[in-house]
Structure formats: C-alpha cells, structure tokens
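Before any comments, here is the structure.
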Amino acid sequence: CCVANKLLSRNSILNMSTKPVKKSGKKSVSKFTIDCSAPVEDKVLDPASFEKFLHDRIKVNGKAGELGGKVTISRDKTKIVVNAEAPFSKRYLKYLTKKYLKKQQLRDFLHVIASSKGAYELRYFKVSGGEAEES
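According to our numbering, the sequence shown is numbered sequentially starting from 3.
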C-alpha cells in the first residue's frame, strides 16, 4: 500500500514537470553596429562590399546567406547595423569582420575594437614615430 502511494505521487510529480511551457510571444532582438568611419573616409574600405560580405557569410541555422527574417543588415554611410534575434553573438560579428579585413589585405593596418556594449569600431594601428635616423 505504501509503495503504491509513493509511485502514484512520483508519477504525478513527473507528469506535472513535463507539461510544455508556453514561451512569451516577444522575441529578444539584439542590435549590433560596426563603425567603419576611419577607413571609409580614407577610401580604404568599401562599406557596400563589407555589407554584402556579411550578408553572404552570416549563418542562420547552419546555412550561410539565407538570413530569413532572423537577421537584417543595413548601412548608414559609414556604419553597418545588424539586427538579429536571440541566439546571435557579437563575437561572431568580430570574427567575420576580421575575416573580411584579412580577405581585403587590411588586417595589418586595421583592428576591431569594442567601443560599447553593442558596437564595434574599426581603427588603425598606432604606429610609433620613433624611427632612428642615419647620420
């Protein structure tokens, strides 16, 4: 009798915990910006080709180039804005940006810096001007 009661109570607890949980209808959307103002002003980087590179390379559900409605990429003059639904990493954007710079052979001159929580910035490496003069 006691064993049967324990099994019944255990099963009822298991049944209660396995009920599907409804998720809220609102999905969290992250907004990331990449500021390319310094290299664009010097005409070193083309923001349109960078935007196309991101569009072709960002993977959604394991497929590159098929963004669906989960990721949108837009450009305002020197900034590229990426809006993405929940499982999207800011670090992934940095990885793709570095990959683009390497492809364009700009990786030796530019680096990607996090300027704020949701933004990256492309900056030139600082070169020290302390070269020794020959006499």
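Don't be surprised by glycine CBs; every beta carbon is placed ideally from N, CA and C. The structure displayed is predicted, hence computed values, not measured ones.
Please list, in chain order, all residues of the same chain as residue i whose beta carbon is under 6 Å from its beta carbon, the five residues on each side excluded.
i, result
"residue 92", "34"
"residue 1", "Since the displayed the chain opens at 3 and closes at 137, residue 1 lies outside it and no answer follows."
Among the options, which has the Cα closest to the Cα of residue i?
i, options, result
"residue 87", "107, 60 and 112", "60"
"residue 100", "123, 39, 72 and 119", "123"
"residue 42", "114, 128, 80 and 116", "80"
"residue 78", "36, 116, 56 and 70", "36"
"residue 52", "29, 83 and 30", "83"
"residue 94", "44, 71 and 56", "56"
"residue 138", "130, 117, 116 and 106", "Nothing about residue 138 can be reported from this structure: the residues present for the chain run from 3 to 137 only."
"residue 39", "64, 71, 66 and 125", "125"
How should residue i be labelled, buried or exposed, when 16 other C-beta atoms within 10 angstroms of its C-beta is the threshold for buried?
i, result
"residue 97", "exposed"
"residue 114", "buried"
"residue 73", "buried"
List the DSSP bridge partners of residue i.
i, result
"residue 62", "65"
"residue 123", "37 and 115"
"residue 32", "86"
Can you tell me where the alpha helix (DSSP H) holding residue i begins and where it ends?
i, result
"residue 93", "92 to 105"
The beta strand (DSSP E) with residue i in it runs from where to where?
i, result
"residue 76", "73 to 78"
"residue 84", "81 to 87"
Give every residue of the same chain whose Cβ lies closer than 8 Å to the Cβ of residue i, excluding the five residues on either side of it in the sequence, and list them in chain order.
i, result
"residue 109", "100 and 103"
"residue 120", "32, 33, 34, 35 and 92"
"residue 50", "77"
"residue 54", "none"
Under 7 Å Cβ to Cβ from residue i, same chain only, skipping five residues before and after it: list those, please.
i, result
"residue 127", "111 and 113"
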